[in-house]
Each structure stands twice: as C-alpha cells, then as structure tokens.
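J.: Mind having a look at this structure? Questions to follow.
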Amino acid sequence: MYTEQKIKIEENQIKFIKDYKNYGFKSQDELINYAIKFFEENYNLRKDLEISADLYTEIYLSDNESKEWIDSSLNDWK
891 MYTEQKIKIE ENQIKFIKDY KNYGFKSQDE LINYAIKFFE ENYNLRKDLE ISADLYTEIY
951 LSDNESKEWI DSSLNDWK
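Numbered according to the numbering used here, the sequence shown spans residues 891 to 968.
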C-alpha cells in the first residue's frame, strides 16, 4: 500500500533523485522507497551490532576467566 507524502528535500538531493534512471531505478518513487528501506535495514543492523558489542563488553568486564583468555589471545597477536 502506498501513501503520498509531502516532504522537504534539499536541492542536492533533488538533483540525485531526478537522476534515478542513471542508478537503475524505474521511477523516483522506486529510488526513494529503496533508499528508505536500505537506511532502515542498515540502521537496524547497526543497533543490533551496538547491542552485541555492549553484551560482549559486559561479559568481558564481569568474567575474569574470559578477560584473561582474551587478554592472552591479544598478547599472542603482538
């Protein structure tokens, strides 16, 4: 389902959108929908990676055995 939405877009972005055919899209709508979906997927992926990194940090800081193992591995790389 599609809904029309009026939004403000910067001039340089308008130029980009008008070149939609050069990027392989059939219409400006297709380009914008793709861009929003691409952003959403990458934003969600980044949030998931941040959550994962926070969990690894928590484990690293709270588990001495894991900390020793990781520190030892890092020293072996040097």
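Quick reminder that beta carbons are idealized off the backbone N, C-alpha and C, glycines included. It should be emphasised that the depicted structure is a prediction, and the values quoted were computed from it without experimental measurement.
For L939, is the classification buried or exposed, using 16 other Cβ atoms within 10 angstroms of its Cβ as the cut-off for buried?
T.: Answer is exposed; the Cβ neighbour count stays below 16.
J.: Is the separation between the beta-carbon of Q895 and that of K908 shorter than 9 Å?
T.: Cβ distance not < 9 Å, so Q895 and K908 don't count as in contact.
J.: Near F915, what residues of its chain come up, given a Cβ to Cβ distance below 6 Å and the 5 sequence neighbours on each side ignored?
T.: Answer for F915: L921, listed in chain order.
J.: Under 9 Å, do K957 and Y946 count as touching if we go by C-beta distance?
T.: No. Outside cutoff.
J.: To the nearest angstrom, how far is it from the Cα of M891 to the Cα of W959?
T.: Distance between the alpha carbons of M891 and W959 is about 52 Å.
J.: Between the C-alpha atoms of S963 and N902, what's the straight-line distance to the nearest angstrom?
T.: Approximately 48 Å between the Cα atoms of the pair.
J.: Does DSSP put F928 in a helix, a strand or coil?
T.: The answer is helix: DSSP assigns F928 an H, G or I state.
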